[in-house]
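The structure appears below as structure tokens.
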Amino acid sequence: MKDTNTFESVKATFTEYLVKNQHRKTPERFAILEHIAEIDGHFTAEVLYKNMQTNFRVSLASVYNNLDLLTKTGLLTRHQFGSHPAEYERTFHTNVHHHLVCSNCGKIKEFTDKNLKETIESKNFNNFLPTHFTLYIYGYCNKCKHIM
Ligand SMILES: [Zn+2]
Ligand SMILES: [Zn+2]
206 MKDTNTFESV
216 KATFTEYLVK
226 NQHRKTPERF
236 AILEHIAEID
246 GHFTAEVLYK
256 NMQTNFRVSL
266 ASVYNNLDLL
276 TKTGLLTRHQ
286 FGSHPAEYER
296 TFHTNVHHHL
306 VCSNCGKIKE
316 FTDKNLKETI
326 ESKNFNNFLP
336 THFTLYIYGY
346 CNKCKHIM
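If you're matching positions, the sequence shown starts at 206 in the numbering used here and goes up one per residue.
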């Protein structure tokens, strides 16, 4: 797995990807990455777009495009829970965690598990280069469990 301990190494990972895949290295892309580095937890493209309007003008299309590129680099996880809009979260500067997803209302609760983390990290996968991981457990939150 790549070193993403410092923001410089995160930027280097993104830069390397852009160069290798012939995408332009625009200031806009790095402004988006900097904003993402400041967001703890999940966010939608809309929220990131709105957050950015105060100090950097970007189009919503460009936000979507860059979220897509960053997902491809493994620096972002893209979550799609039911019919909710896609949520993103950074995989750098954060702890490995998993998600309890309510099948009824879409509420998400996060949890960590040291043993699970160690088990997965020590696994060797044939012909596959792992970058990050998260587990989803589906069920019903406290408010919704009465429906079943
Ligand atoms: Zn999460
Ligand atoms: Zn629920």
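Even for Gly, the Cβ is constructed at its ideal location relative to N, Cα and C.
Straight-line Cα distance separating residue j from residue i
i: residue 332; j: residue 325; result: 16 Å
i: residue 300; j: residue 351; result: 32 Å
i: residue 298; j: residue 208; result: 11 Å
i: residue 218; j: residue 278; result: 8 Å
i: residue 226; j: residue 274; result: 10 Å
i: residue 254; j: residue 280; result: 18 Å
i: residue 264; j: residue 256; result: 12 Å
i: residue 358; j: residue 210; result: Past the boundaries of the shown model lies residue 358; the chain is included only from 206 to 353, so the question cannot be answered.
i: residue 230; j: residue 238; result: 12 Å
i: residue 310; j: residue 251; result: 20 Å
i: residue 269; j: residue 341; result: 24 Å
i: residue 404; j: residue 240; result: Nothing about residue 404 can be reported from this structure: the residues present for the chain run from 206 to 353 only.
Which listed residue (the options) has its alpha carbon closest to that of residue i
i: residue 316; options: 245, 305, 294 and 309; result: 305
i: residue 337; options: 327, 309, 236 and 291; result: 327
i: residue 288; options: 312, 302, 348 and 303; result: 312
Secondary structure of residue i, DSSP reduced to three states
i: residue 255; result: helix
i: residue 222; result: helix
i: residue 316; result: strand
Exposed unless 16 or more other CB atoms sit within 10 angstroms - verdict on residue i
i: residue 224; result: exposed
i: residue 221; result: exposed
i: residue 234; result: buried
i: residue 294; result: buried
i: residue 323; result: exposed
Residues whose Cβ lies closer than 6 Å to any heavy atom of ligand 3, in chain order: This structure lacks ligand 3; the ligands present are ligand 1 and ligand 2.
| field | Ordered list of beta strand (DSSP E) runs contained in the region 230-310, each at least 3 residues | value | 281-284, 292-295 and 303-307
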